[in-house]
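Here the protein sequences line up with chains A and B, keeping their order. Counted from 1, the first sequence has number 277 at position 277 by the UniProt record's numbering; the numbering is strictly sequential. Counted from 1, the second sequence has number 122 at position 122 by the UniProt record's numbering; the numbering is strictly sequential. Think of the CB as a built atom: it goes at the ideal place given N, C-alpha and C, for glycine as much as any other residue. See below for the structure under consideration.
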Amino acid sequence: MSNTNTTDERDLGEAGAQLSTAPREEPASSSVPAMGVIGWARWFWRQLTSMRVALILLFLLSLGAVPGSLIPQNSVDELKVQTFKEAHTTVTPIYEKLQFFDVYSSVWFSAIYILLFVSLIGCIVPRTGQFIGQLRGRPPGAPKKLTRLPAYTTWRTDAEPEQVREAALAVLRKRRFRSHAVDDAVAAEKGYLREAGNLMFHIALIVMLVSFAGGQLFKSEGGKLIVEGDGFANTLTQYDDFKSGSLFDTDDLAPFSFTLDDFKGTYERSGPQRGTPRTYEARVTYSEGADGAPQKRIIRVNDPLVVDGTKVYLNAHGYAPVISVKDGRGKEVYRSAVPLLPIDSNVTSTGAIKVMDGYKGVDGKKTQLGFQAFFVPTFAGSGQGTMFSQFPGADYPVLALNGYHGSLGVDSGLPQNVYQLDTAKMKEFKDANGDKLKQRMRPGETMKLPDGAGSVTFEGVEEWASFQITRQPASGWALTGAVAAVFGLAGSLFIQRRRVWVRAVRGADGVTVVEMAGLGRSESTRLPEELGDLADAVHTVTPTAPPPASEQLSEEPAEGAEK
Amino acid sequence: MNLAAATNENLASISNTLIYSSMAVYMLAFFAHIAEWVFGSRSKVGRTAAALTGAGAAASGVKVVQQGGGTAVLDRPKVVTRSATGTRDVPDGPGAAGGTVKGDLWGRIAVSLTVLAFAVEAGGVVARALSVQRAPWGNMYEFSITFSTVAVGAYLVLLALKKNVRWIGLLLVTTVLLDLGIATTWLYTDSAQLVPALHSYWLWIHVSTAIFCGAVFYLGAVGTLLYLFRDSYENKLANGGNPGAFARSVLERLPAASTLDKFSYRINAAVFPLWTFTIIAGAIWAGDAWGRYWGWDPKEVWSFITWVAYACYLHARATAGWKGRKAAYLALIAFGCWLFNYYGVNIFVTGKHSYADV
Ligand code: HEM
Numbered sequence: 001m002s003n004t005n006t007t008d009e010r011d012l013g014e015a016g017a018q019l020s021t022a023p024r025e026e027p028a029s030s031s032v033p034a035m036g037v038i039g040w041a042r043w044f045w046r047q048l049t050s051m052r053v054a055l056i057l058l059f060l061l062s063l064g065a066v067p068g069s070l071i072p073q074n075s076v077d078e079l080k081v082q083t084f085k086e087a088h089t090t091v092t093p094i095y096e097k098l099q100f101f102d103v104y105s106s107v108w109f110s111a112i113y114i115l116l117f118v119s120l121i122g123c124i125v126p127r128t129g130q131f132i133g134q135l136r137g138r139p140p141g142a143p144k145k146l147t148r149l150p151a152y153t154t155w156r157t158d159a160e161p162e163q164v165r166e167a168a169l170a171v172l173r174k175r176r177f178r179s180h181a182v183d184d185a186v187a188a189e190k191g192y193l194r195e196a197g198n199l200m201f202h203i204a205l206i207v208m209l210v211s212f213a214g215g216q217l218f219k220s221e222g223g224k225l226i227v228e229g230d231g232f233a234n235t236l237t238q239y240d241d242f243k244s245g246s247l248f249d250t251d252d253l254a255p256f257s258f259t260l261d262d263f264k265g266t267y268e269r270s271g272p273q274r275g276t277p278r279t280y281e282a283r284v285t286y287s288e289g290a291d292g293a294p295q296k297r298i299i300r301v302n303d304p305l306v307v308d309g310t311k312v313y314l315n316a317h318g319y320a321p322v323i324s325v326k327d328g329r330g331k332e333v334y335r336s337a338v339p340l341l342p343i344d345s346n347v348t349s350t351g352a353i354k355v356m357d358g359y360k361g362v363d364g365k366k367t368q369l370g371f372q373a374f375f376v377p378t379f380a381g382s383g384q385g386t387m388f389s390q391f392p393g394a395d396y397p398v399l400a401l402n403g404y405h406g407s408l409g410v411d412s413g414l415p416q417n418v419y420q421l422d423t424a425k426m427k428e429f430k431d432a433n434g435d436k437l438k439q440r441m442r443p444g445e446t447m448k449l450p451d452g453a454g455s456v457t458f459e460g461v462e463e464w465a466s467f468q469i470t471r472q473p474a475s476g477w478a479l480t481g482a483v484a485a486v487f488g489l490a491g492s493l494f495i496q497r498r499r500v501w502v503r504a505v506r507g508a509d510g511v512t513v514v515e516m517a518g519l520g521r522s523e524s525t526r527l528p529e530e531l532g533d534l535a536d537a538v539h540t541v542t543p544t545a546p547p548p549a550s551e552q553l554s555e556e557p558a559e560g561a562e563k
Numbered sequence: 001m002n003l004a005a006a007t008n009e010n011l012a013s014i015s016n017t018l019i020y021s022s023m024a025v026y027m028l029a030f031f032a033h034i035a036e037w038v039f040g041s042r043s044k045v046g047r048t049a050a051a052l053t054g055a056g057a058a059a060s061g062v063k064v065v066q067q068g069g070g071t072a073v074l075d076r077p078k079v080v081t082r083s084a085t086g087t088r089d090v091p092d093g094p095g096a097a098g099g100t101v102k103g104d105l106w107g108r109i110a111v112s113l114t115v116l117a118f119a120v121e122a123g124g125v126v127a128r129a130l131s132v133q134r135a136p137w138g139n140m141y142e143f144s145i146t147f148s149t150v151a152v153g154a155y156l157v158l159l160a161l162k163k164n165v166r167w168i169g170l171l172l173v174t175t176v177l178l179d180l181g182i183a184t185t186w187l188y189t190d191s192a193q194l195v196p197a198l199h200s201y202w203l204w205i206h207v208s209t210a211i212f213c214g215a216v217f218y219l220g221a222v223g224t225l226l227y228l229f230r231d232s233y234e235n236k237l238a239n240g241g242n243p244g245a246f247a248r249s250v251l252e253r254l255p256a257a258s259t260l261d262k263f264s265y266r267i268n269a270a271v272f273p274l275w276t277f278t279i280i281a282g283a284i285w286a287g288d289a290w291g292r293y294w295g296w297d298p299k300e301v302w303s304f305i306t307w308v309a310y311a312c313y314l315h316a317r318a319t320a321g322w323k324g325r326k327a328a329y330l331a332l333i334a335f336g337c338w339l340f341n342y343y344g345v346n347i348f349v350t351g352k353h354s355y356a357d358v
């Protein structure tokens, strides 16, 4: 607090000057510009870098963050945004205009923080200069009336004034006060670390912001779904989806590869929390570089694999039934573990099986097959009907299929969702009654296609895990900034910057009068305590003189104490 | 059910019994505090009014104490303190007991009961932790019981350090009862294991500091609230107003506005770096668990808002024209943000953090 400005200036003079580098608040009226463009620019700059505006911008920043937490955000969950838009048709256009679905990258939110950071830089630079000046300079001399200061003490001693000042210098220097003698007094100051901490904190904020921004430009992030037994090599083509910052270069991808050996999930077996996941473990074998030695490792939810600055996170899992398809002549034309997408917390899953080529129909013509698949890892039991899983573990897996033949439409050039079947150019397989052909299967069971068109076998179940592979450069810098910010803050908030003056002058009666006073940036109970300790130390060297007969408790310091 | 599970269920029910018992003891402490305030109201101290109306005399004279007499030569020189200009020089009130013997007795009984209730409640939290064999911070129920335990613990530590904080007692005990009441009726969750995302030593670091910050911020907020009341009371007196008998009786026994203001500033300033650390620790954990350090998840957003709001408060205190009441409002807003982050976000908003079972 720059409370020193409010203390009686006439008495204190320069005593409190530069006890902080906080910008001086000027009354708003006095700073309205009178000149042209330059005047306005200067006025604008002064406003922007004032504490008042920093405060307002900070407040706006927190206010501006609110809508983003209440309205679904594209950056978090696009699906939710879509649902919200469908449910709230009246407000949606307004929200879209206001960029409420992208608050944190919106023009107005960016404007707030950019202004704040410009203000911050505009504030830091002069403050740093000023602080260096203060470090070079020396604490100002004693104010005229030490009695006016927040902590004050005095006594009379037989020691010479010079002796007292020397003793005071020694005591203060021993306690690491920067001190020097000016005129009839000693001036001392301590706690510069407070200002240093405060500057460090604000600079650390800039470092953090710059590293976040830099990280965004150079980062890359992609997803990959892997079925047990399969592998991944870190090249662009292997990703299922991939996003990168605008300055990212494919050469930045760290060369490494890994294979998913086994995925294991365990779940609460009993009680009200039955089915809640307990552990997820992906056992992998990975090798660094183009041909590094294979190493084994378990990737857990909180425990990514880190290779060369790239992190591989486990972020989802599901089941992949192994399916084989035979054509009419009994020739296996397809065999694959088909990953299905979970649709609820008990891992009821859906997906599509697409037999693209190799299959010939009964008429001997090439055609394609497609199956819609429903899978439950734990079936409720026969008679209990629904294809909704009862438990996320694969206790009693059941797969339900219905089939189509015709064209999968994969050659149409449009990107296709691998989990969905485009049945526009396909015909349903029908059973003997002319109904849709569908069957529930346990592992090992087979569904016959009608009219000798072949068969589909549910061979078994594998699990899949999906991984997020991210490279976030500059996160080390961000972390350094964050740590510096905490330490800077601690320094700034726990260290008190304070000044102490010791004046020793010969009184009219020839006895030396010692006065000591302390001033801090904010009122603190520690200040008087410390002054007491210092006074005690000086006092032991220059003890109190026996009082003259007339001495009394007086309202003002002994005569002659004031210069 | 195997044997280990049986012991755990036992521990869980022991924990519940302890929590309910602590509520009973807190209730007794609450009545003892009420008795303290009631007996204290019979004192006729009226110091504040005297100090304020007798103005000039008390405030302006700076007493310079000089050492005199041969015997006192080795005493340390006495330090005289003086408030900065612009602040009222009002002495602290005598506390809830108002200097009465009976009131003081009840106050001591209340504090002793609070110590007992704290011990019982802490036992409940520990039993809960043992029953689930992990840190007891997996859901809102556990969070709530830990929260009030820490708040009371912090208060007792301040008391033990001989800080002038007994005035907080009644409000604190009331809130603790409220918090525990909500926890046991609406938020109760059977003890259970954690989902994999919570398995991390960052849970210990991030959540323990988050709870601690909240509990201590709470003490600061109480100080701020009382500061606002006391400050308007002092203003009224200084302007020759006449506060109602009840307001006078209660407010005159509180510490001076400047003391309350300093108290809450110190608390908030001391906790702010820890809160900063909490958010950073959370970001690191999110980086490990979800593959991104910061994703504007509602919980993250509100932690950020809380942080910025407290930064606002600290800035306000350094800005001319914003000290005092305006800064105090900001401090209350900041604590409001913390509360919303704790209750509101878990209940009204869904995000990655909303595993916390309600
Ligand atoms: C990014 C936003 C900012 C945050 C989060 C922030 C945070 C803080 C915090 C927490 C403090 C308290 C430390 C203390 O009281 O010593 C503080 C102090 C301070 N801030 Fe900021 N600040 C920000 C931007 C700014 C800007 C833009 C300015 C300049 C206009 C500024 C100038 C100051 C000054 C001068 C102090 C020290 C006040 C004093 O000496 O007591 N800050 N800041």
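Would you grab the beta carbon distance between residue i and residue j for me? Rounded to a whole angstrom, and I think it's under 8 angstroms.
i: residue 521 of chain A; j: residue 497 of chain A; result: 5 angstroms
i: residue 342 of chain B; j: residue 268 of chain B; result: So it is not a contact: roughly 17 angstroms between Cβ atoms.
i: residue 36 of chain B; j: residue 110 of chain B; result: 6 angstroms
i: residue 280 of chain A; j: residue 463 of chain A; result: That pair is no contact at about 10 angstroms.
i: residue 373 of chain A; j: residue 394 of chain A; result: Between residue 394 of chain A and residue 373 of chain A the Cβ distance is about 15 angstroms, and since that is not below 8 angstroms, they are no contact.
i: residue 101 of chain A; j: residue 71 of chain A; result: 7 angstroms
Are there any heavy atoms of the ligand HEM lying less than 7 angstroms away from the beta-carbon of residue i, as far as the coordinates show?
i: residue 278 of chain B; result: no
i: residue 35 of chain A; result: no
i: residue 308 of chain B; result: yes
i: residue 198 of chain A; result: yes
i: residue 60 of chain A; result: no
i: residue 213 of chain B; result: no
i: residue 337 of chain B; result: no
i: residue 374 of chain A; result: no
i: residue 50 of chain A; result: yes
i: residue 318 of chain B; result: yes
i: residue 330 of chain B; result: no
i: residue 23 of chain A; result: yes
i: residue 274 of chain B; result: no
Going by DSSP, which residues form a beta bridge with residue i?
i: residue 166 of chain A; result: Its beta-bridge partners do not exist; DSSP assigns none.
i: residue 190 of chain A; result: A/498
i: residue 457 of chain A; result: A/324 and A/446
i: residue 206 of chain B; result: Note: residue 206 of chain B sits in no beta bridge, so no partner.
i: residue 244 of chain A; result: A/220
Closest Cβ-Cβ distance between residue i and chain D: below 8 angstroms?
i: residue 104 of chain A; result: Among the protein chains of the structure shown, namely A and B, there is no chain D.
Against residue i, what residues of chain A qualify as contacts under a CB-to-CB distance less than 8 angstroms, listed in chain order?
i: residue 312 of chain B; result: 55, 58, 59 and 62
i: residue 167 of chain B; result: What residue 167 of chain B touches in chain A: nothing, since even the nearest Cβ is about 17 angstroms away.
Name the chain B residues that come within less than 8 angstroms of residue i, Cβ to Cβ?
i: residue 143 of chain A; result: Ordered by position in chain B, no residue passes the 8 angstroms Cβ test against residue 143 of chain A, which lies about 13 angstroms from the chain.
i: residue 287 of chain A; result: The contacting residues do not exist; residue 287 of chain A stays about 22 angstroms from chain B at best.
i: residue 539 of chain A; result: 76 and 77
Using a cut-off of 7 angstroms between C-beta atoms, extract the partners of residue i located in chain A.
i: residue 269 of chain B; result: 493
i: residue 295 of chain B; result: 76
i: residue 276 of chain B; result: 485, 486 and 489
i: residue 256 of chain B; result: Those do not exist, as residue 256 of chain B stays about 12 angstroms from chain A at its closest Cβ, beyond 7 angstroms.
Give the interface partners of residue i over in chain B, defined as CB-CB distance under 9 angstroms, in chain order.
i: residue 468 of chain A; result: 290, 291 and 292
i: residue 402 of chain A; result: Per Cβ cutoff of 9 angstroms: no residues; residue 402 of chain A is ~34 angstroms from chain B at best.
Who are the neighbours of residue i on chain A, taking C-beta pairs under 9 angstroms?
i: residue 361 of chain B; result: This structure gives no information on residue 361 of chain B, because the portion of chain B shown stretches from 1 to 358.
List the residues of chain B that residue i touches, going by C-beta distances under 7 angstroms, in chain order.
i: residue 51 of chain A; result: 315, 318 and 319
i: residue 65 of chain A; result: 301, 304 and 305
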